[in-house]
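Novice:
Chains as they are written, first to last, in the working numbering: chain A, 1 to 386; chain B, 387 to 651.
(1) Spatial neighbours of residue 18 of chain A within its chain, please: C-beta separation below 7 Å, excluding the five flanking residues on both sides.
(2) What number of angstroms, rounded off, separates the C-alpha of residue 301 of chain A from the C-alpha of residue 520 of chain B?
(3) Determine the chain A residues that contact residue 571 of chain B at a beta-carbon separation under 9 Å, and present them in chain order.
(4) Please identify the residue among B:542, B:494, B:571 and B:591 whose C-alpha is closest to the C-alpha of residue 616 of chain B.
(5) Since residue 384 of chain A sits in a beta bridge, which residues does DSSP pair it with?
(6) What span of residues does the alpha helix (DSSP H) with residue 95 of chain A cover, start to end?
(7) Please confirm whether residue 156 of chain A has its beta-carbon closer than 8 Å to some beta-carbon of chain B.
(8) Under three-state DSSP, which class holds residue 253 of chain A?
(9) Using the DSSP secondary-structure output, state which residues sit across from residue 179 of chain A in a beta bridge.
(10) Any contact of the segment 95-112 of chain A with the segment 171-187 of chain A, i.e. 3+ C-beta pairs under 8 Å?
(11) Determine, using beta carbons only, whether residue 492 of chain B comes closer than 8 Å to chain A.
(12) Specify whether the segment 468-475 of chain B and the segment 512-526 of chain B touch according to this definition: at least 3 beta carbon pairs, one from each stretch, less than 8 Å apart.
(13) Can a CB atom of chain A be found closer than 8 Å to the CB of residue 427 of chain B?
(14) Along the segment 142-173 of chain A, where does the CB come closer than 7 Å to a CB of chain B? Name the residues.
(15) Using the three-state DSSP reduction, which class does residue 318 of chain A fall into: helix, strand or coil?
(16) Taking 8 Å as the cut-off, decide whether the C-beta atoms of residue 618 of chain B and residue 529 of chain B are in contact.
(17) Over what stretch of residues does the alpha helix (DSSP H) that includes residue 465 of chain B continue unbroken?
(18) Say whether chain A places a C-beta atom closer than 8 Å to the C-beta of residue 514 of chain B.
(19) How far does the alpha helix (DSSP H) with residue 608 of chain B in it extend, from its first residue to its last?
(20) Consider the C-beta atom of residue 126 of chain A and the heavy atoms of the ligand FAD; say whether any pair is separated by less than 7 Å.
(21) For a cutoff of 8 Å on Cβ pairs, would you count residue 518 of chain B as touching chain A?
(22) Which whole-angstrom value is the C-beta distance of residue 204 of chain A and residue 346 of chain A, which I expect to be below 8 Å?
(23) Comparing C-alpha positions only, which one of B:475, B:638 and B:561 sits nearest to residue 115 of chain A?
(24) Listed in chain order, which residues of the segment 188-217 of chain A have Cβ atoms closer than 7 Å to some Cβ of chain B?
(25) Taking all protein chains shown into account, decide if residue 404 of chain A is buried (16 or more other Cβ within 10 angstroms of its Cβ) or exposed.
(26) Closest to residue 86 of chain A by CA distance: which of B:640, B:576 and B:647 is it?
(27) When Cβ atoms are compared, which residues of the segment 7-40 of chain A fall closer than 7 Å to chain B?
(28) At the level of alpha carbons, what is the spacing between residue 164 of chain A and residue 537 of chain B?
(29) Anything in the segment 497-512 of chain B with a Cβ closer than 9 Å to a Cβ of chain A? List those residues in chain order, please.
(30) Is there a Cβ from chain B that is less than 8 Å from the Cβ of residue 243 of chain A?
(31) In terms of alpha-carbon separation, which member of A:29, A:26, A:35 and A:382 lies closest to residue 20 of chain A?
(32) Interface residues of chain B around residue 247 of chain A at Cβ under 9 Å?
(33) Give a yes or no on whether 8 Å exceeds the smallest Cβ distance from residue 619 of chain B to chain A.
(34) Counting only Cβ-Cβ distances shorter than 8 Å, please list the residues of the segment 293-304 of chain A near chain B, keeping chain order.
(35) What residues in its chain sit with their C-beta under 7 Å from that of residue 194 of chain A, if we drop five residues either side in the sequence?
(36) Could you check if residue 573 of chain B is buried or exposed, using at least 16 other CB atoms within 10 Å of its CB as the buried criterion?
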């Protein structure tokens, strides 16, 4: 779920119709000249019943997303098959329920400075709140934690889950996560001069920053069967690396990004020609796109078709990894190679095979990139079984 | 059952100034005397980065550096797992105060330090490591989650991993909503096979049942363990410091716990 709508069908339709979810920012009391990918209806929605203590924007979006596409039911079937303790919950978020704390700081006691009595830290602001909430909501009892490494968070959890299955700790795992709008990220990225005043234009000559969005997505991972049925989506490889360069700027030559892609291919046992499409991180800042372009060209040459889908959704930060993994899956299931949205003039200095228009094309294997602050990089290789 | 070997440990906390300096205190063979945690900017970082780091980064880099020095292992070639309940607590408070003010001016440095993986980012710069790094959060069970993830990585990938866990108390008013006892950090360099530097084996088992966690005999150390997520490592550190053969129990989430069987090697 994100600004394109609720559920897989809504997202696939928006991709096909080339309809962006970005709109001028009207979030909370934010006075910034920017576009955001806001999910409508969250202000009036509430987390239900016995988990009401977890009510916050991030968990509201998580709950709504669990209810889409029969996901909670699929987890229920897995729970019946494997047992609640044999299913892990490994989720990513960047800011969790930080908005609750930001709002609580506006309501401090004028005399003592205390936060309001109704503020609940553990169930909202704390990063683990998301996995705690989802684990309880799905009635699971296996291992769980939150991975929080900025914009790579929900890509990296695929690696955590795959290792847990490989080690025999669990038989299945819920992965993904949620990240929702808050003032920390809106004003924080603004302070770094990384936010565009227009809808973000990945790989455009005139690109000038990101558009921030919010979203959530979940996937249920199980051990691969010996001979998967046609159409089965498989996680073939995960590649992780660190830039070891700077906290908020990417390595200018894309060294860390390159390592992540190479490691993903290596763990999948594939070579660059095996990849039919690359869903780029493509945030639309000048330096991010230039760095990723160099890395992609170094690994793949200028042949493999690639694009960023952030012109549709904006940058979902901690939820970018799962959202773009799901978009990659939708691309394979719908024979749709998504071209870039919002990009008008492709930057001639960038050399990868960047696609501006949607193409109908059979895609068997896709690589998806997610890179974050702290130089945290992750690439996923996904396949649709023939 | 996942078997790991311990090559090096680093620890920093109130009255605890290193694995070698205070091993007998951790073993509870010498009295524990609490004192404010001694924090210093890390010499591992280049000066511009050094000036920008908060307490969690200082903690993580100090204990990481000590653990790798004790292990005599190359940090630039080693994967890492970072575990913390809430990361940089001062920073969160400062940002929320700024956002509640009319100007809403957030410092760019404060913002990039607000990510939960700030310690991992600075560590990678300091150690020049491009190896994979995971930054986890699991509230009071963050150390247990980090230990489980570390054991799984070592078992599946068959390579060394350093676990670095740290926590910092929140200032008021957040401190009233989330109590964390002290600035505390611990690092362990763990490897899949016995090496000349390895001094203990740890068998990590996820047990699907509630169990009473192991505790410390000394009231001061026990208060530190109970009040600080990263200090939930203290019973393990104690067993390793004494050279025990036995096991410690660390509570996890979802009604599970970790059983860590230790033995000298």
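The beta-carbon is built from N, C-alpha and C at its ideal position, and this holds for glycine as well. As the structure is a prediction and not an experimental result, all values here were calculated from the model.
Specialist: The short version:
(1) 341 and 358, listed in sequence order.
(2) So the alpha carbons of these two residues sit roughly 29 Å apart.
(3) What residue 571 of chain B touches in chain A: nothing, since even the nearest Cβ is about 18 Å away.
(4) Relative to the Cα of residue 616 of chain B, the nearest Cα in the group B:542, B:494, B:571 and B:591 belongs to B:571.
(5) The beta-bridge partner set that DSSP reports for residue 384 of chain A consists of A:233.
(6) Going by DSSP, residue 95 of chain A is part of no alpha helix (DSSP H) at all; its letter is neither H nor E.
(7) Output row for residue 156 of chain A: interface = yes.
(8) Three-state DSSP puts residue 253 of chain A in coil, outside helix and strand.
(9) In DSSP, residue 179 of chain A forms a bridge with A:215.
(10) By the Cβ rule, the segment 95-112 of chain A counts as touching the segment 171-187 of chain A, because three or more pairs are nearer than 8 Å.
(11) Residue contact with chain A for residue 492 of chain B: present (Cβ-Cβ distance below 8 Å to some residue of chain A).
(12) Yes, they touch.
(13) So no, residue 427 of chain B is outside the interface.
(14) Legend: CB atoms of the segment 142-173 of chain A lying less than 7 Å from CB atoms of chain B belong to residues 142, 143, 144, 145, 146, 147, 148, 149, 150, 156, 160, 163, 164, 166, 167 and 169.
(15) Looking at residue 318 of chain A - three-state DSSP - the assignment turns out to be helix.
(16) It is a contact, given that the beta carbons lie within the stated cut-off.
(17) Where residue 465 of chain B is concerned, there is no enclosing alpha helix (DSSP H), although the beta strand (DSSP E) it sits in stretches over 465-469.
(18) At least one C-beta of chain A is nearer than 8 Å to the C-beta of residue 514 of chain B.
(19) Unbroken alpha helix (DSSP H) run through residue 608 of chain B: 605-613.
(20) With respect to small molecules bound, the structure shown includes none, and the ligand FAD cannot be examined in it.
(21) Taking Cβ atoms only, chain A reaches closer than 8 Å to residue 518 of chain B, which makes this a yes.
(22) Between residue 346 of chain A and residue 204 of chain A the Cβ distance is about 7 Å, and since that is below 8 Å, they are a contact.
(23) Checked all of B:475, B:638 and B:561; the closest Cα to residue 115 of chain A is B:561.
(24) Look at the segment 188-217 of chain A: the residues with a C-beta under 7 Å from a C-beta of chain B are 188, 191 and 192.
(25) Outside the modelled stretch of chain A, which goes from 1 to 386, sits residue 404 of chain A, for which no answer is possible.
(26) Taking only the C-alpha atoms, the option nearest residue 86 of chain A is B:640.
(27) Shown here is that no member of the segment 7-40 of chain A has a Cβ falling below 7 Å from a Cβ of chain B.
(28) Answer to the nearest angstrom: the Cα atoms are 10 Å apart.
(29) If you check each beta-carbon in the segment 497-512 of chain B against every beta-carbon of chain A, the ones closer than 9 Å belong to 497, 498, 499, 500, 501, 502, 503, 504, 505, 506, 507, 508, 509, 510, 511 and 512.
(30) Output row for residue 243 of chain A: interface = yes.
(31) Taking only the C-alpha atoms, the option nearest residue 20 of chain A is A:35.
(32) Ordered by position in chain B, the residues that pass the 9 Å Cβ test against residue 247 of chain A are 435, 438, 495, 498, 499, 501, 504, 507, 508 and 511.
(33) Interface flag for residue 619 of chain B against chain A is unset, since no Cβ pair is found closer than 8 Å.
(34) Those residues of the segment 293-304 of chain A that come within reach of chain B (Cβ to Cβ, closer than 8 Å) do not exist; the list is empty.
(35) Hits under 7 Å: 209, 210 and 285.
(36) Buried.
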